[in-house]
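Enquirer:
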Amino acid sequence: MSDDEEDFQMDGSLDQSSAEGHDMMGFGPLLPTESERSLMERVRQELKIELKQGFKSRIEDVREEILRKRRAGKLPGDTTSVLKAWWQQHAKWPYPTEDDKAKLVEETGLQLKQINNWFINQRKRNWHSNSQSVTSLKSKRKRDDDSTYADDENIDISEDGEIEEILNEPEANGASADHPIKFLIYGRTGWIGGLLGTLCQAQAIPFQYASGRLEDRASLEKDIAEVKPTHVFNAAGVTGRPNVDWCESHKVETIRTNVVGTLTLADVCRQHGLLLLNYATGCIFEYDSGHPLGSGIGFKENDTPNFTGSFYSKTKAMVEDLLKNYDNVCTLRVRMPISSDLSNPRNFITKITRYEKVVDIPNSMTILDELLPISIEMAKRNLTGIWNFTNPGVVSHNEILEMYREYVDPNFTWKNFTLEEQAKVIVAPRSNNELDATKLKTEFPELLSIKDSLVKYVFQPNQKVKA
Numbered sequence: 001m002s003d004d005e006e007d008f009q010m011d012g013s014l015d016q017s018s019a020e021g022h023d024m025m026g027f028g029p030l031l032p033t034e035s036e037r038s039l040m041e042r043v044r045q046e047l048k049i050e051l052k053q054g055f056k057s058r059i060e061d062v063r064e065e066i067l068r069k070r071r072a073g074k075l076p077g078d079t080t081s082v083l084k085a086w087w088q089q090h091a092k093w094p095y096p097t098e099d100d101k102a103k104l105v106e107e108t109g110l111q112l113k114q115i116n117n118w119f120i121n122q123r124k125r126n127w128h129s130n131s132q133s134v135t136s137l138k139s140k141r142k143r144d145d146d147s148t149y150a151d152d153e154n155i156d157i158s159e160d161g162e163i164e165e166i167l168n169e170p171e172a173n174g175a176s177a178d179h180p181i182k183f184l185i186y187g188r189t190g191w192i193g194g195l196l197g198t199l200c201q202a203q204a205i206p207f208q209y210a211s212g213r214l215e216d217r218a219s220l221e222k223d224i225a226e227v228k229p230t231h232v233f234n235a236a237g238v239t240g241r242p243n244v245d246w247c248e249s250h251k252v253e254t255i256r257t258n259v260v261g262t263l264t265l266a267d268v269c270r271q272h273g274l275l276l277l278n279y280a281t282g283c284i285f286e287y288d289s290g291h292p293l294g295s296g297i298g299f300k301e302n303d304t305p306n307f308t309g310s311f312y313s314k315t316k317a318m319v320e321d322l323l324k325n326y327d328n329v330c331t332l333r334v335r336m337p338i339s340s341d342l343s344n345p346r347n348f349i350t351k352i353t354r355y356e357k358v359v360d361i362p363n364s365m366t367i368l369d370e371l372l373p374i375s376i377e378m379a380k381r382n383l384t385g386i387w388n389f390t391n392p393g394v395v396s397h398n399e400i401l402e403m404y405r406e407y408v409d410p411n412f413t414w415k416n417f418t419l420e421e422q423a424k425v426i427v428a429p430r431s432n433n434e435l436d437a438t439k440l441k442t443e444f445p446e447l448l449s450i451k452d453s454l455v456k457y458v459f460q461p462n463q464k465v466k467a
C-alpha cells in the first residue's frame, strides 16, 4: 500500500464517522473543531513517521541478519531451493558447468565459492560407496531422501515467527570422514603422472595408479571396479620420443592413445558418474592477426584451435573438441611444462639448455610445481570444462636462459636461430602462442605470473650463483 492510499483510506474513515456518528446524549453529530482536526492530523503524521521508521528499522535488521548468516556460511532457504532444483533437474550428472555456475550466482546472489562448496557437500551427502550405475544411485537417493536432508538441514525460527530453512555449508575440501576422496591416476610412468603420485602422498590423499590401457575399455572398467575412485586423472598420452616428430611417422599409435584412448576413458568415467581431469595441451594455437605476437592478447578457452602444423597437435585439437560434449571432463591445456627438477629430460628448461641452438619467441608456459597442486584442488572443487592451464603472461627462450645463467650457471652460453632455420632441422612445425589465463587466475587469485613463478619455484630452489 502506498502513502497516498493510506491517506485516502484514513481520511475517508474520519469523514464517514463525522457525518454519520451521533453521540448517545442527543447532541447531534460530533463535528471536530479546527483545532481538533489539526491535532488529529499531527497525530496521524507522527504515527506514519513512527511506522515508517519502525518498518525501516525492521528491514535493516532483516538485511543485517541475512548478511550475518551469509558471512557465517549459512544460506537462506530460498537460495538452497534454487540449488536443489538444479540438482534434481540434473540428477544423472550433478556437475554444473562454469556457465551454469555463473547463472546460479546471478539467481542466488551467492559467491562462486559458496556455489562450489554447496555442490561438493551435496555430492558428499549423496556419494556412492561403490561404483554403482547412475540409475541405481538415483533410486537410492530417492529412498534415502528424507533421512538425508533431515540430517543436513537446520530449521531456524526467526523472531517474528517465520521459519527459515538454513543450510550451513562448511568450507568444502573434497573429503570427509564418511566419504573420503580417492584418486585413480593414469600415466604412472609419465612425468606428470609420477609427480601427481608424489603430491598425493605429500597431501595424504588416497590414490592408486591404474593398470589398464586407455584404448582397452574392459581394463578401464576393471580399474574403476577395483579402485572405486571418486576422481580420475589422465596424465597418459603419446608425445613422442625424443619429441613430437615421432608422431609424424606413428600416426595410428598416436590416434589410438590420444584420441580413442582418451575418449574411451571419458566415456567410461561418464557412465560411472566420475569426474575426469584430463591433462591436455595448449599447443593447438599459433599467433595470428587476432592474437599478434607481443600484443598481450591471448587465446581464450572458447577459441577454436588454429594450429595444425604437427600431427600431435591435430589429434589433441580433435579430442578436445569431442570432449566438449562430456560434462564430466575438466580439460587442462598444459604448455611447455617446466619443473624445479632441471635434470628431467622432459623439462622445457632442460631441453633448451641442451640444444645447440634455440629460437627466441615469447610463449605461455606451465610451472608444474605451482600448477599441479592447483589441479588437485580443481578436482576437489569438481571443476569441469576447458581451462588454459598456464601461468599468466609469456616468457621467451632467451629470458629463461638468462635466468638460468643468473641463478644456476654463470658461464652458460647459447645461440639463437630463426624459425626458418629451425624448420630445416625438425620434421613438424612447433606451436607458439599466448593463452589467456584470466579464467584460472580468477578461480585461483594467488596464481603467480610466469616470470615470478619461474623465480620462486624453479630458479631460487636451484640457485648456485651467490646473489
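Each residue of the sequence shown is one higher than the one before, counting from 1 in full-length UniProt numbering.
Note that beta-carbon positions come from the ideal geometry of N, C-alpha and C, so glycine has one too.
How many whole angstroms separate the CB atoms of Ser-396 and Ile-361, which I take to be in contact at a CB cut-off of 8 angstroms?
Expert: Between Ile-361 and Ser-396 the Cβ distance is about 6 angstroms, and since that is below 8 angstroms, they are a contact.
Enquirer: May I ask you to list the residues that DSSP assigns as paired with Gln-208?
Expert: In the DSSP output, where bridge partners are listed per residue, Gln-208 has Leu-184.
Enquirer: Alpha carbon to alpha carbon, what distance is there between Leu-214 and Lys-314?
Expert: For Lys-314 and Leu-214, the distance between alpha carbons rounds to 19 angstroms.
Enquirer: Using three-state DSSP, classify Cys-247 as helix, strand or coil.
Expert: Helix at Cys-247.
Enquirer: Using the Cβ count rule (16 or more neighbours within 10 Å means buried), how would you classify Arg-241?
Expert: Burial call: exposed.
Enquirer: Here's the rule I'm using: 16 or more other beta-carbon atoms within 10 Å means buried, otherwise exposed. How should Leu-39 be labelled?
Expert: The residue in question, Leu-39, is exposed, as its Cβ has fewer than 16 Cβ neighbours within 10 Å.
Enquirer: So, with DSSP's three-state summary, where would you put Thr-281?
Expert: It is a strand residue.
Enquirer: Asn-363 and Arg-335 - do their beta-carbons sit closer together than 9 angstroms?
Expert: Cβ atoms of Arg-335 and Asn-363: closer than 9 angstroms.
Enquirer: With H, G and I counted as helix, E and B as strand and the rest as coil, what does DSSP make of Gly-294?
Expert: Correct three-state label for Gly-294: coil.
Enquirer: In this structure, what does DSSP give as the bridge partners for Thr-331?
Expert: Asn-278, Ile-386, per the DSSP bridge assignment.
Enquirer: In chain order, what residues of the same chain have a beta carbon less than 6 angstroms from the beta carbon of Ala-172, not counting five sequence neighbours either side?
Expert: Summary for Ala-172: the model assigns pLDDT 40, below 50, so the residue's position carries little reliability, and this model does not support an answer.
Enquirer: State whether the segment 383 to 402 contacts the segment 433 to 440, with contact taken as three or more CB pairs (one from each stretch) at a distance under 8 angstroms.
Expert: Segments in contact, yes.
Enquirer: Buried or exposed: where does Arg-37 fall if 16 or more other Cβ atoms within 10 Å of its Cβ makes it buried?
Expert: Counting Cβ neighbours within 10 Å, Arg-37 comes out exposed, since fewer than 16 surround it.
Enquirer: How far does the alpha helix (DSSP H) with Phe-348 in it reach, from first residue to last?
Expert: Note, Phe-348: alpha helix (DSSP H), 348 to 354.
Enquirer: For a test of the three-state rule: what should DSSP assign to Lys-357, helix, strand or coil?
Expert: Looking at Lys-357 - three-state DSSP - the assignment turns out to be strand.
Enquirer: Output the distance between the C-alpha atoms of Val-238 and Thr-264, rounded to the nearest integer angstrom.
Expert: Distance between the alpha carbons of Val-238 and Thr-264 is about 15 angstroms.
Enquirer: Following the continuous beta strand (DSSP E) through Asn-234, name the residue where it begins and the one where it ends.
Expert: Asn-234 -> beta strand (DSSP E) spans 231 to 234.
Enquirer: Thinking just about the alpha-carbon of each residue, which of Lys-466, Lys-380, Thr-418, Lys-357 is nearest to the one in Leu-401?
Expert: Closest option to Leu-401, Cα to Cα, is Lys-357.
Enquirer: Using CA coordinates, which residue listed in Ser-295, Val-319, Phe-417, Phe-412 is at the minimum distance from Val-359?
Expert: Taking only the C-alpha atoms, the option nearest Val-359 is Phe-417.
Enquirer: With a 10 Å radius around its C-beta and 16 neighbouring C-beta atoms as the bar for buried, classify Ile-338 as buried or exposed.
Expert: Label assigned to Ile-338: buried.
Enquirer: Output the distance between the C-alpha atoms of Pro-345 and Tyr-355, rounded to the nearest integer angstrom.
Expert: Using only the alpha carbons, I get a separation of about 12 angstroms.
Enquirer: Is it buried or exposed for Glu-370, if we count other Cβ within 10 angstroms and need 16 for buried?
Expert: So Glu-370 counts as buried.
Enquirer: So, at 8 angstroms on beta carbons, what are the nonlocal neighbours of Glu-421 in its own chain, with the 5 sequence-adjacent residues on each side left out?
Expert: Hits under 8 angstroms: Lys-357.
Enquirer: Determine the contact status of Phe-459 and Tyr-404, defining contact as a CB-CB distance below 9 angstroms.
Expert: Yes, these two residues count as a Cβ contact at 9 angstroms.
Enquirer: Reducing DSSP to helix, strand and coil, say where Val-408 ends up.
Expert: Val-408 falls in the coil class under three-state DSSP.
Enquirer: By a C-beta neighbour count over all protein chains shown, 10 Å radius and 16 as the cutoff for buried, is Asn-258 buried or exposed?
Expert: The residue in question, Asn-258, is buried, as its Cβ has 16 or more Cβ neighbours within 10 Å.
Enquirer: On the CB-based measure, 16 or more other CB atoms within 10 Å of its CB, does Ile-376 come out buried or exposed?
Expert: The residue in question, Ile-376, is buried, as its Cβ has 16 or more Cβ neighbours within 10 Å.
Enquirer: Measuring only the C-alpha atoms, how far is Thr-97 from Ile-352?
Expert: Going by the C-alpha atoms only, they are around 38 angstroms apart.
Enquirer: For Lys-52, which residues in the same chain have their Cβ closer than 6 angstroms to its Cβ, ignoring the five residues on either side in sequence?
Expert: Cβ neighbours of Lys-52 beyond the five flanking positions: none.
Enquirer: Just the Cα atoms here: how many angstroms apart are Thr-108 and Trp-87?
Expert: When rounded, the distance between both Cα atoms is 14 angstroms.
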